[in-house]
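Take a look at the structure below.
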């Protein structure tokens, strides 16, 4: 697994352990934007970028579903 994905997942899991309230997110930190493939407009992902993003979101959702969070 890509080291950046591992780093991002660790940060998100650490955040989840200490979170307050009923908040969750899938944010795309600057670290996640490196290596993304964008269209010429610089804003929208091209096909390769979309595939990478979908894989990363799947990794995040898989990691998120494995974390049991007690009720506040």
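Residue numbers (the working numbering): 1 to 72. By construction, the Cβ of each residue, glycine as well, lies at the ideal position given by its N, Cα and C atoms.
Counted as a single uninterrupted DSSP element, the stretch harbouring residue 40 is not any alpha helix (DSSP H), since DSSP gives it neither H nor E.
Here residue 66 carries a coil assignment [DSSP, helix/strand/coil].
Counting the other Cβ atoms within 10 Å of the Cβ of residue 56 gives 16 or more, which makes it buried. Counted as a single uninterrupted DSSP element, the alpha helix (DSSP H) harbouring residue 13 occupies residues 3-18. Taking C-beta atoms as the reference points, residue 63 and residue 7 fail to come closer than 9 Å.
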